[in-house]
Amino acid sequence: MADDSSSDDDLPLGQLKKPAAVSSSAAAASKKRAIKEESSDDDAPIKPKKKAKTSNGKAKPDKVTSSAKVKKEKNGKSSDKKPAAKKPTNNGKAAKSLKQMDKAEKISHAMQAYLWWNADNPPAGCQWVKMEHAGVSFPEAYTPHGVKMLYDGQPVDLTPIEEEAATFFAAMDPDGMHLGNPKTAPIFIKNFFADFRAILGKYHIIKDFKKCDFEPIRRYLNEQKIIRKAITDEERKMNKDSKNETMFKFGYSLVDGHIEKVGNYNMEPPGAFRGRGEHPKMGKLKQRVEPEQVMINLSECAPVPRCSVPGHAWGDLRHDPTVQWLCQWKENINNQVKYMQLAAQSSFKGKSDRSKYNKAAKLCGNIDKIRADYKKNLKSKSMEARQIATAMWVIDRLALRVGGEKDTDEEADTVGCCSLRVEHLKFDPNGEGADNKEIELEFLGKDSMLFKQTIDFGSALYTENHGMGEQVYENFKLFCKKKKQSDDVFSDLTPSVLNAHLKGIMEGLTAKVFRTYNASKTLQEELLKTEKAAGWARLTAAEKVTEYNNANREVAILCNHQRSVSKAQETQLESLGGKLQTLKDQKKTLKKMLKRLNEGNDKGLPTKKDEAKAVEKANKALEKAKEMKEKAKTNEEKIAATEMDEKAKALKKEAGELKFNQAHLWEKVPSKDQVSKKISNWTEKIAKMEMNIKHKDDNKEVSLGTSKLNYMDPRISVAWCKRNEVPIEKIFSKTMRDKFNWAMAVPSDWEFNESIAKQG
DNA sequence: CGCCTTACTTAGTAACGTGGGC
DNA sequence: GCCCACGTTACTAAGTAAGGCG
Numbered sequence: 085m086a087d088d089s090s091s092d093d094d095l096p097l098g099q100l101k102k103p104a105a106v107s108s109s110a111a112a113a114s115k116k117r118a119i120k121e122e123s124s125d126d127d128a129p130i131k132p133k134k135k136a137k138t139s140n141g142k143a144k145p146d147k148v149t150s151s152a153k154v155k156k157e158k159n160g161k162s163s164d165k166k167p168a169a170k171k172p173t174n175n176g177k178a179a180k181s182l183k184q185m186d187k188a189e190k191i192s193h194a195m196q197a198y199l200w201w202n203a204d205n206p207p208a209g210c211q212w213v214k215m216e217h218a219g220v221s222f223p224e225a226y227t228p229h230g231v232k233m234l235y236d237g238q239p240v241d242l243t244p245i246e247e248e249a250a251t252f253f254a255a256m257d258p259d260g261m262h263l264g265n266p267k268t269a270p271i272f273i274k275n276f277f278a279d280f281r282a283i284l285g286k287y288h289i290i291k292d293f294k295k296c297d298f299e300p301i302r303r304y305l306n307e308q309k310i311i312r313k314a315i316t317d318e319e320r321k322m323n324k325d326s327k328n329e330t331m332f333k334f335g336y337s338l339v340d341g342h343i344e345k346v347g348n349y350n351m352e353p354p355g356a357f358r359g360r361g362e363h364p365k366m367g368k369l370k371q372r373v374e375p376e377q378v379m380i381n382l383s384e385c386a387p388v389p390r391c392s393v394p395g396h397a398w399g400d401l402r403h404d405p406t407v408q409w410l411c412q413w414k415e416n417i418n419n420q421v422k423y424m425q426l427a428a429q430s431s432f433k434g435k436s437d438r439s440k441y442n443k444a445a446k447l448c449g450n451i452d453k454i455r456a457d458y459k460k461n462l463k464s465k466s467m468e469a470r471q472i473a474t475a476m477w478v479i480d481r482l483a484l485r486v487g488g489e490k491d492t493d494e495e496a497d498t499v500g501c502c503s504l505r506v507e508h509l510k511f512d513p514n515g516e517g518a519d520n521k522e523i524e525l526e527f528l529g530k531d532s533m534l535f536k537q538t539i540d541f542g543s544a545l546y547t548e549n550h551g552m553g554e555q556v557y558e559n560f561k562l563f564c565k566k567k568k569q570s571d572d573v574f575s576d577l578t579p580s581v582l583n584a585h586l587k588g589i590m591e592g593l594t595a596k597v598f599r600t601y602n603a604s605k606t607l608q609e610e611l612l613k614t615e616k617a618a619g620w621a622r623l624t625a626a627e628k629v630t631e632y633n634n635a636n637r638e639v640a641i642l643c644n645h646q647r648s649v650s651k652a653q654e655t656q657l658e659s660l661g662g663k664l665q666t667l668k669d670q671k672k673t674l675k676k677m678l679k680r681l682n683e684g685n686d687k688g689l690p691t692k693k694d695e696a697k698a699v700e701k702a703n704k705a706l707e708k709a710k711e712m713k714e715k716a717k718t719n720e721e722k723i724a725a726t727e728m729d730e731k732a733k734a735l736k737k738e739a740g741e742l743k744f745n746q747a748h749l750w751e752k753v754p755s756k757d758q759v760s761k762k763i764s765n766w767t768e769k770i771a772k773m774e775m776n777i778k779h780k781d782d783n784k785e786v787s788l789g790t791s792k793l794n795y796m797d798p799r800i801s802v803a804w805c806k807r808n809e810v811p812i813e814k815i816f817s818k819t820m821r822d823k824f825n826w827a828m829a830v831p832s833d834w835e836f837n838e839s840i841a842k843q844g
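Counting in our numbering, the first sequence runs from 85 upward without gaps.
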C-alpha cells in the first residue's frame, strides 16, 4: 500500500509541464481515442450516448450505473490483496448492503472502491485522459421582495437590480467584522456606495449615504430568517432533496472511468465583497457571473454539458489534460481567475497532497545540510547571501511564510518573511538595555492575522544545538541600520530569489515546505514524547486523544493559526466562570452546614425552594410553542410561534439556573453523612470545571483544524492511532478520512522521515 | 529578468447538523 | 428522547510558486 506507492508521485507535476497545453492536447486526444476504445466496455453503462452529461446525475440510468459499477469495482478489488483497508472506512458501522443504501451512499461506495494509489498514472505531464462533468450550477435569478429602503425618511422605488444591491448591504451584520469595526466600516461603506451609485445612475435621488436607511430591508431579512426557522420537517426534507438533486447533477465528474467528487460546483453568488482585514476593496459589489463568462475544461470525447440557465451558453470550451480545473471564470473585484475543481478527497488532490508530504519528509534527510548551509552564510560577506541565510533561519525556526510583494492599493497590507519592514521589528521591546537580544515581531500575516511574538535571540531555545540566534540578531540589526521604518528588512530579497537558492540545495524545495516539515516533525515528536511518559499505556482512548490535541495545539501555535473569539464563546466562558463561583460558594455553605450539624444546631439550615413549579411552567410554554409551530400557516403565525418558542426556552433556562443554584441543598434537613458526601462531590465537580475552563481558555484563540488539514502528515496520525488503539474517527472526521484515504493503510510503526521519500 | 498570468494550496468564518449530556 | 454546544462542512478569500512574455 503506502509502501509500494512507487516513484509516481512527483512525476506529473514538475518537469513535464512544458510540452503541455496546445501540442499535448492534440497528442493526448489521439491517445484518448485509443483508450476510449480499450475501455469502452467499462464505460458502457455510463455512456448512454446523448444523455451522457447527466450520466452522473439523472435518476434512472444512473442507479443502474452506480450499482453495476460498484459490483464491478468490488470484484476487481477483492482480488487485490487488501480487504482490510476497506472496512474501517465504512464508517465503523456494520456495512450496509447495496440495497439499503441511498443514492449518495451508493455513489460514495463506488468512489471508495477506486484506490488511485494502486492504479496506473495518466501519461506523464497529464492529470487525466478523459474527463466529463456537468459544468457549474448557477444560483437562481434574483426575485425582488418589494420592500423599500428609505431615503431621507421616504420610501424609494428601486428596480430589481438596484434592490438586489441594497439588499446585499442590508444583509451585512451591523456588528459584524466589516461594519462593526470602526476602522473598516468607512471603507466598506465608501466602496459599497460608489458601486451602488453607479448602478443607480447619475440622476437618481439617492446621493448621500447618510440619508440612506436600509433598516426596512434588514428587518425583512431577519423576519425571513425567523420564518425559515419555523419550517416543518416535511419542508426541511424537501429543501434537502432539492439540494441533493443539484449535487447529483453537478457534484460528480467522470475521470478516466471512475467517479470523482467535485469541490465547489455551486457558482459563487453575487454579493458585497467581504475582504478580510483592512482590505481596500471590501464592500464593492461582486457581480453575478453569467454562463458566457465561464470556460469549461473537459475531454474532446466528452459530451458538452448543456448550460442550465435558460437562454444562455458557456463562454468557451477547452480540452487541456495538463490541468485539474473543470471550469474557470473571472471575478470582477480583483480581476482574478476562479476555478471549479475536484474535491479534496479526489485523486487529483490526494496525489498532490501525498507528494507534498513526501517532499516534506525528504527534508528530514537534508535539514542538517540546509542548516549548515545557512549557518555558514549568516556571516557571509555577500549581503545577498547573508539575507538569504537569515530569511531561511526565519522561515525554518519561526515558521513564517515567504511573503510575496503586495500592492496595498489593491489588497490588504499584510506581510511574510521577504516583505517584513523595519517598522515590524522592535529592538529591545522591554527596555532592558544594550546587551539585550530581544526583538518583538509584530505584523499582520495572511488573512490579516496578527503575529506578535518577542523573540529572545540569546535564549537557549535559539542558541543551543546550532541555533545561531545571536548571529541572526546581529544580522537583523545590520539589515535595519540606516533604513526608514517603511523600508524592507530584506531589501532585495524576493520569494523567487529565495526559492531559487532553495532549489539548488534540494530538488523541489521551496519556502513553504519548511512549514509542512516543521509541523509534521513537531507533531511526531510531541506524540512520541507523551507515548514515552510513564503510565501512558493505562490512559483511556479519550485521554490519549487529549494528548493528541495538545500536540496538535503545539503545531497550530507554531504556524500561528488563530481564530477570533466569538461573542457567544466569550459569554459562555463568562457564564462558566460564574458557575464555578457558584459551586465554590455552595461548597462553603455545605461546610458551614456540616459545622452546625456537628454542633447539633440544625435550626434554620437552608433547604431547597420549590423548583418543580418553574420547571412545569417552562414545559407548558414549550408545549404551547410546539403546538403553534405545527399550526402556523401564515408568516405572522410562524413568527409568533418562533417567538413563543424563544420565550419558552428562556423560561426553561431560568428553571435550570434555579435548579443549579440550589443543587447543593436538600428538601429536608440532611444528615452529617449526606453533607460530607456532597462536599467531596463538590470538590470533584469544582476540579472538573476548572479543568474544563482552562482547556476552553487555552483553545479559544487557537485553531487546530488548519494544521490538521494542511500541515500534519496524516500518516503520523494514522500510525499513532493504530499503535495506541485509538479509533481513527476520534481524530479525523468523515471528510478528513476521505481526504486522507491514501494514508490509512500505513503500519503502526510508520515514521515521518527521509526514508519514505524514496518510496515515492 | 522583472512583472504578469495561471494554477493550485492554505485560511478563517458562517452556516449547518449532530452526538452526547440532561 | 430532547436540545444545544460543539464539531463539521461549505464557502470563498488570500496565499505560494511556476511559467510565460516583452
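Cβ coordinates follow ideal geometry from the N, Cα and C atoms, glycine included.
First through last residue of the alpha helix (DSSP H) which encompasses residue i
{"i": "residue 251", "result": "244–254"}
{"i": "residue 801", "result": "798–808"}
{"i": "residue 328", "result": "317–334"}
{"i": "residue 471", "result": "467–481"}
{"i": "residue 190", "result": "187–196"}
{"i": "residue 558", "result": "553–564"}
Nearest-angstrom Cα separation, counted from residue j out to residue i
{"i": "residue 170", "j": "residue 200", "result": "For residue 170, the predicted model reports a pLDDT of 37, less than 50, meaning its position is unreliable; a value from the coordinates is still stated below. Distance between the alpha carbons of residue 170 and residue 200: 14 Å."}
{"i": "residue 811", "j": "residue 778", "result": "26 Å"}
{"i": "residue 656", "j": "residue 664", "result": "12 Å"}
{"i": "residue 661", "j": "residue 783", "result": "16 Å"}
{"i": "residue 632", "j": "residue 618", "result": "16 Å"}
{"i": "residue 224", "j": "residue 196", "result": "33 Å"}
{"i": "residue 830", "j": "residue 615", "result": "19 Å"}
{"i": "residue 512", "j": "residue 542", "result": "12 Å"}
{"i": "residue 538", "j": "residue 600", "result": "23 Å"}
{"i": "residue 189", "j": "residue 500", "result": "43 Å"}
{"i": "residue 805", "j": "residue 282", "result": "58 Å"}
{"i": "residue 487", "j": "residue 363", "result": "17 Å"}
{"i": "residue 510", "j": "residue 462", "result": "21 Å"}
{"i": "residue 833", "j": "residue 468", "result": "43 Å"}
{"i": "residue 813", "j": "residue 403", "result": "40 Å"}
{"i": "residue 380", "j": "residue 401", "result": "5 Å"}
{"i": "residue 553", "j": "residue 249", "result": "54 Å"}
{"i": "residue 266", "j": "residue 236", "result": "24 Å"}
{"i": "residue 342", "j": "residue 331", "result": "17 Å"}
{"i": "residue 112", "j": "residue 213", "result": "For residue 112, the predicted model reports a pLDDT of 35, less than 50, meaning its position is unreliable and no value from the coordinates is stated."}
Limits of the beta strand (DSSP E) - the one that residue i falls within
{"i": "residue 402", "result": "400–402"}
{"i": "residue 412", "result": "411–414"}
{"i": "residue 423", "result": "421–424"}
{"i": "residue 638", "result": "Careful: residue 638 lies outside any beta strand (DSSP E), inside the alpha helix (DSSP H) at 625–642."}
{"i": "residue 836", "result": "Note, residue 836: premise wrong, no beta strand (DSSP E); not H, not E."}
Residue closest to residue i, alpha-carbon to alpha-carbon, out of the options
{"i": "residue 345", "options": "410, 244 and 393", "result": "410"}
{"i": "residue 643", "options": "623, 533 and 470", "result": "533"}
{"i": "residue 296", "options": "264, 322, 242 and 328", "result": "242"}
{"i": "residue 558", "options": "597, 464 and 687", "result": "464"}
{"i": "residue 218", "options": "333, 605, 839 and 194", "result": "333"}
{"i": "residue 503", "options": "397, 635, 309 and 475", "result": "475"}
{"i": "residue 765", "options": "748, 780, 755 and 595", "result": "748"}
Residue burial classification, residue i (beta-carbon count within 10 angstroms, cutoff 16)
{"i": "residue 593", "result": "buried"}
{"i": "residue 472", "result": "buried"}
{"i": "residue 339", "result": "buried"}
{"i": "residue 498", "result": "buried"}
{"i": "residue 421", "result": "exposed"}
{"i": "residue 247", "result": "buried"}
{"i": "residue 916", "result": "With the chain running from 85 to 844 in the structure shown, residue 916 is simply not present."}
{"i": "residue 575", "result": "exposed"}
{"i": "residue 263", "result": "buried"}
{"i": "residue 312", "result": "exposed"}
Whole-Å CB distance - residue i paired with residue j, under 8 Å assumed
{"i": "residue 686", "j": "residue 753", "result": "5 Å"}
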